[in-house]
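Here's the structure we're looking at; comments come further down.
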Amino acid sequence: MKPSMLLKCAVVFATLLAAAEARAGSTAVPGDSVQASRIVEDALSWLGVPYVYGGTGPEGFDCSGFIFRVFSDNGIALPRTAGEMRAVGAGIGIEDLLPGDLVFFDNPGHVGLYLGEGEFIHSSSYQGRGVVVTRLDQPNYARRYACSRRVVPASSEDPGCPETAVDTARGLTPGPE
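Quick note: the sequence shown uses our numbering, first residue 32, plus one each step.
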């Protein structure tokens, strides 16, 4: 095995081990999602892949190409560009971020995947770094943070759309089709 591949595997293993240890003994919270966990795990497997403008892998990614590929590999169709991705899913505040959420920056149009514990993974063009993990509170990113979107359901159980008072007043009630 090449030393670079060994290092990549060690980093992924250490990251997953730290995440598992952080969760040990804790109960699942409503935001836990098997699908989001798979997406995060898949994203981490690409650590170290170089930045390539317009790239969708496997030899290289740009930021939105990386997110596009990770979600596509996990059965979720997203638009190709960061600008288009901003319109998908539900808008959420930074305080409500869960692993698997998308984070957007004014760069213009940079996107990453939130990992938890204040970190996100993205493909960085800076000095050709490629796929890296960065802290959201790192000054360069904290200053440019724009918004977040939840694309993956926050729970493995999808309750559907709740009935509202407006729906009831209009005679719209959930039922068989």
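Even for Gly, the Cβ is constructed at its ideal location relative to N, Cα and C.
Cα-Cα separation, Gly120 to Gln158: Looking at the two C-alpha atoms, the distance is approximately 31 Å.
Distance cut-off 6 Å: Gly86 Cβ against heavy atoms of the ligand ZN: For the structure depicted, the ligand ZN is absent and the ligand set is empty, with no information on it obtainable.
Rounded straight-line distance, which links the Cα of Cys178 to that of Val71: Distance between the alpha carbons of Val71 and Cys178: 19 Å.
CB-CB length for Arg175 against Asp127, believed under 8 Å: Cβ-Cβ separation between Arg175 and Asp127: approximately 19 Å, too far for a contact (criterion under 8 Å).
Nearest candidate by alpha-carbon position, reference Cys94, set Gly143, Leu133 and Ala108: Minimum Cα distance to Cys94 is reached at Gly143.
Residue from Phe102, Arg160 and Gln169 whose Cα sits closest to the Cα of Arg181: Of Phe102, Arg160 and Gln169, the residue nearest in Cα terms is Phe102.
Spatial distance of Gln169 from Gly149 (CA atoms): So the alpha carbons of these two residues sit roughly 10 Å apart.
Closest by C-alpha distance to Ser64, when choosing among Leu129, Ala173 and Arg111: The shortest Cα separation from Ser64 among Leu129, Ala173 and Arg111 belongs to Leu129.
Anticipated Cβ contact below 8 Å, Gly161 with Gly79, distance rounded: At roughly 6 Å, the Cβ-Cβ gap stays under 8 Å, so Gly161 and Gly79 are in contact.
Nearest neighbour of Arg69, chosen from Pro89, Ile107, Thr87 and Tyr82 [CA to CA]: Comparing Cα positions, the closest option is Ile107.
Residue burial classification, Gly257 (beta-carbon count within 10 angstroms, cutoff 16): For residue 257 there is no data in the structure shown, the boundaries of the chain being 32 and 208.
Reduced DSSP category for Glu90 - H, G, I as helix; E, B as strand; rest coil: Three-state result, Glu90: coil.
Supposed contact pair Gly85 and Arg100 - C-beta distance, whole angstroms, cut 8 Å: Not really, about 12 Å apart at Cβ, beyond 8 Å.
Nearest-angstrom beta carbon gap, Ala74 and Val183 [assumed within contact, 8 Å]: 12 Å between Cβ atoms; not a contact.
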